[in-house]
Amino acid sequence: MNVFQSIYDNNEWSTQLEPNLNSQLILLFGNRDIIADQQIRQQIHQNYPNANLVGCTTSGEIQGAALYNDTLCLTAIEFKSTTVKVYSQSVSESDSTLQLGQDLAKKLQPEGLRHVFLISDGQLVNGTELIDGITPHLPEDVLVTGGLAGDGSRFEETQVWHDDRVESGLVVVVGLYGESLQIGHGNLGGWREFGPERQITKSKDNILYELDGKPALELYKQFLGEHADNLPASALLFPLAMTQESDSETVVRTILNIDEDNQSMIFAGSMPEGATCQLMRANYADLVDGAEGAVTKSIQTMPQSGPELAILISCVGRRLVLNQRTEEELEIIQEMLPDNCKMTGFYSYGEISPIVPFGRCGLHNQTMTITLFSEN
Numbered sequence: 449m450n451v452f453q454s455i456y457d458n459n460e461w462s463t464q465l466e467p468n469l470n471s472q473l474i475l476l477f478g479n480r481d482i483i484a485d486q487q488i489r490q491q492i493h494q495n496y497p498n499a500n501l502v503g504c505t506t507s508g509e510i511q512g513a514a515l516y517n518d519t520l521c522l523t524a525i526e527f528k529s530t531t532v533k534v535y536s537q538s539v540s541e542s543d544s545t546l547q548l549g550q551d552l553a554k555k556l557q558p559e560g561l562r563h564v565f566l567i568s569d570g571q572l573v574n575g576t577e578l579i580d581g582i583t584p585h586l587p588e589d590v591l592v593t594g595g596l597a598g599d600g601s602r603f604e605e606t607q608v609w610h611d612d613r614v615e616s617g618l619v620v621v622v623g624l625y626g627e628s629l630q631i632g633h634g635n636l637g638g639w640r641e642f643g644p645e646r647q648i649t650k651s652k653d654n655i656l657y658e659l660d661g662k663p664a665l666e667l668y669k670q671f672l673g674e675h676a677d678n679l680p681a682s683a684l685l686f687p688l689a690m691t692q693e694s695d696s697e698t699v700v701r702t703i704l705n706i707d708e709d710n711q712s713m714i715f716a717g718s719m720p721e722g723a724t725c726q727l728m729r730a731n732y733a734d735l736v737d738g739a740e741g742a743v744t745k746s747i748q749t750m751p752q753s754g755p756e757l758a759i760l761i762s763c764v765g766r767r768l769v770l771n772q773r774t775e776e777e778l779e780i781i782q783e784m785l786p787d788n789c790k791m792t793g794f795y796s797y798g799e800i801s802p803i804v805p806f807g808r809c810g811l812h813n814q815t816m817t818i819t820l821f822s823e824n
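Going by my numbering, the first residue of the sequence shown is number 449, and it counts up by one from there.
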C-alpha cells in the first residue's frame, strides 16, 4: 500500500501533489468552499485520474497527529492488490433512509468483499436506519466503519462528495475487495453516566418526544440549567447513554437539533420507545483514556501485519470538551501506531463501527473510532 498525503491551506498544497495513475482512492476531508472550487478538483483529477474522490465537510480535519480547520486534507491511496468500488446515492432518491442503505448495499457485489467504508450526510440521514439497511445485505463477515459528516458546532448543513458530486443528503459506500487486505477496528468513548435513568415513552425514528411521560426537551433543559441557553450546541457536552430492552449493549446518542414548538429533540440515530436513557458527561482524562482504548482495540483486532493507514473519526462533542488539548488524543494514538502508519480522518456528527469486536455494526456518538488498513 502506497499512501500520499497533503493539505490545501492558504491557497496552496503543503506538499506538491505527486501524480499517480495507480491510486484508486482519494480521501478528502474539509472545507466545502475548497472542494467546490473546480480548479482544485481538476488538480486532483489530473494527478490521480483513476481514483475515486470521497469525502465530506467536518468539525475539524485530522492529518497525522494534527487538527486542522477549514482546510482540505488529502490522502491518496494506492492499493497493491485490493480492488476499490465506490457508489453514492442521495437520501432524496430513496423513500426512506432504510431503503437508501438497502439500495447502496445491493450495489456492492458480495464476492470478494472484505470491508465497507461509509461516509454519510450528518444532518438529513438517520444513521441507525442507514446501517440497519446496509448490514443485512452484506456477507456475514464483512464489517462497516465510517462516519457522518460534520459542520463544526453550527448544525446547519453538512455535505458529502463523490467525484464531481458535492451535495447535502449524499451517502457514499466504498467497497474494498481482496484477500490481501487486513483490517483492524476499535472505538471507545470515555463518557460517564450520571443522574437517574429515564424511559423513552414517546418517539418516532430519531425524534424524541417524551421521557417518563414528560416533554423530553423540557426535562433535558432542567438538567442542563444555564447550559440550556446554548442548545443545541451545548448538548454535545451532555449526550445520552441509551440501552434498548432487547440489547445489553449501551450506545451514546448526540442531539443534532431541537424543536421548541413540540418540545422534542432530534438525534443522529434512532431513539426507540421502551429504551432507557441516562445523561453523560466527561472530562479530559476520561476522553484521552478513551482514545487510548480505541487504538488498543483496533490493534488487537488487526492480523499480524502492522497497519499502514489509520482512519480516525471522532465526535465533535469530544473536541468541545478537550478544547485546546484536542490534539493530545491524536498524539497518543500516533504514538501507539507504527512509525510508517499514516493517519487521516475528521471530527464528525456520528461514528460507525462494530458495537462489540466482530459484532454487529452500529451508529455511535461521542466516540473515537479507528479503522486500520494494511495489505499482505
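A virtual CB, placed ideally from N, CA and C, is assigned to each residue, including glycine.
| Asked | Found |
| --- | --- |
| Rounded C-alpha distance that separates Asp543 from Leu566 | 20 Å |
| Extent of the continuous beta strand (DSSP E) to which Thr744 belongs | Counting along the chain, Thr744 falls outside any beta strand (DSSP E), though it belongs to the alpha helix (DSSP H) covering 732 to 748. |
| Meets three-Cβ-pair contact criterion under 8 Å: the region 731 to 744 and the region 468 to 483 | no |
| Which listed residue (Lys790, Glu641, Gly581, Pro497) has its alpha carbon closest to that of Asn731 | Glu641 |
| heavy atom of the ligand ADP below 7 Å from Asn450 C-beta | No copy of the ligand ADP appears in this structure; indeed no ligand is present at all. |
| Short Cβ contact (8 Å threshold) for Gly549 with Gly581 | yes |
| Per DSSP, the bridge partner or partners of Ser477 | Residue identity differs from the one stated: residue 477 is Phe in this sequence, not Ser. According to DSSP, Phe477 bridges with Cys504, Cys521. |
| Any 3 or more C-beta pairs closer than 8 Å across the region 599 to 617 and the region 570 to 580 | yes |
| Reduced DSSP secondary structure (H/G/I, E/B, other) of Gly798 | strand |
| Three-state secondary structure (DSSP) of Tyr393 | Residue 393 falls outside the range modelled here, since the chain spans only 449 to 824, and no answer is possible. |
| Three-state secondary structure assigned by DSSP to Val539 | helix |
| Neighbourhood of Ser507 by C-beta, 6 Å cutoff - its chain only, sequence neighbours within 5 removed | Gly598, Gly600, Val764, Tyr795 |
| N-terminal and C-terminal residue of the alpha helix (DSSP H) that Ala664 is part of | 664 to 672 |
| Top-ranked residue by Cα proximity to Gly617, from Glu559, Leu578, Tyr456, Cys521 | Leu578 |
| Inter-residue spacing [alpha-carbon to alpha-carbon] between Glu799 and Met816 | 8 Å |
| Backbone CA spacing between Glu823 and Glu783 [nearest angstrom] | 21 Å |
| CB of Asp727 within 8 Å of CB of Ile714, strictly | The amino acid occupying residue 727 in the given sequence is Leu; Asp does not appear at that position. No. |
| Length of the line joining the Cα atoms of Pro802 and Gly634 | 8 Å |
| Alpha carbon of Leu685 to alpha carbon of Lys528, nearest angstrom | 42 Å |
| Where Asn495 falls: helix, strand or coil (DSSP) | helix |
| Residue span of the alpha helix (DSSP H) that contains Gly765, given as start and end | 764 to 770 |
| CB of Val564 within 8 Å of CB of Leu586, strictly | yes |
| With 16 other Cβ atoms within 10 Å as the buried cut-off, status of Ala742 | buried |
| Boundaries of the alpha helix (DSSP H) in which Lys554 is found, first to last residue | 545 to 555 |
| Span separating the alpha-carbon of Lys554 from that of Glu721 | 30 Å |
| Short Cβ contact (8 Å threshold) for Tyr797 with Ala716 | yes |
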